[in-house]
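Converting from the sequence shown to the numbering used here requires adding 2 to each position, the first position being numbered 1.
Notes follow the structure.
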Amino acid sequence: MGDQGSASGSSELDRQLWSAARAGDLQLLKQLCSQGADVAHQDEEGTTALMTAAENGHAAVVAALLEAGAPWNQQDNSGYCAGEYATASKNTAIVEMLMEWGVQAELLLGAAGRTSKGASSTSGSGSSAPNAGYLQQKLVYSPEGDKLLDADGEAVMMGWEAPLMERHAAAICQG
3 MGDQGSASGS
13 SELDRQLWSA
23 ARAGDLQLLK
33 QLCSQGADVA
43 HQDEEGTTAL
53 MTAAENGHAA
63 VVAALLEAGA
73 PWNQQDNSGY
83 CAGEYATASK
93 NTAIVEMLME
103 WGVQAELLLG
113 AAGRTSKGAS
123 STSGSGSSAP
133 NAGYLQQKLV
143 YSPEGDKLLD
153 ADGEAVMMGW
163 EAPLMERHAA
173 AICQG
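In structure tokens form, the structure reads like this:
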């Protein structure tokens, strides 16, 4: 998937971060993050330091990047995210880590959304929700059958995320 090392137009810190992630150099990576390297920076193929660390099996680096704010679900130019890089490389511990991070992020976002609505929640069909149209649109599988796509052809769920959705549902349904 991502085998290049630097991007034109990126800062030196960003290039060094990408290289540290690829090499699994946790100490250098943390130093670069503290110096302001962009943890969401993408090279010319859209690959991020998180994707590179996930692909190369560097669990401690993946954890550090997530803690530094790297988006767990950011996609490269081909529509792949860190979870797919880890899956393709058979780095199951990293897939598990990314799934746990995703579940926590989704639960926190959901809780924040419910809190911000406060007492103004609607009854009935919920059609007055700002995203009701999006939520009611027809979804289709990609030709390869590995992604669920919205009306704009954007992936809303990839195959590797099925366990993530199962864990999310289990967490929500616990009584």
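Glycine is no exception: its CB is placed at the ideal position from the N, C-alpha and C atoms.
Under the DSSP assignment, residue 82 falls outside any alpha helix (DSSP H); it carries neither an H nor an E label. Between residue 32 and the set 72, 90, 67, the nearest pair of CA atoms involves 67. Annotation: residue 176 to residue 98 spans about 20 Å, alpha carbon to alpha carbon. Under the three-state reduction of DSSP output, residue 41 falls in the coil class, being neither helix nor strand.
In the structure shown, the three-state DSSP call for residue 92 is coil.
Judged by beta-carbon spacing, residue 101 lies beyond the 8 Å limit of residue 78, meaning their Cβ atoms are not closer than that value. Secondary structure at residue 141: coil, using DSSP grouped into helix, strand and coil.
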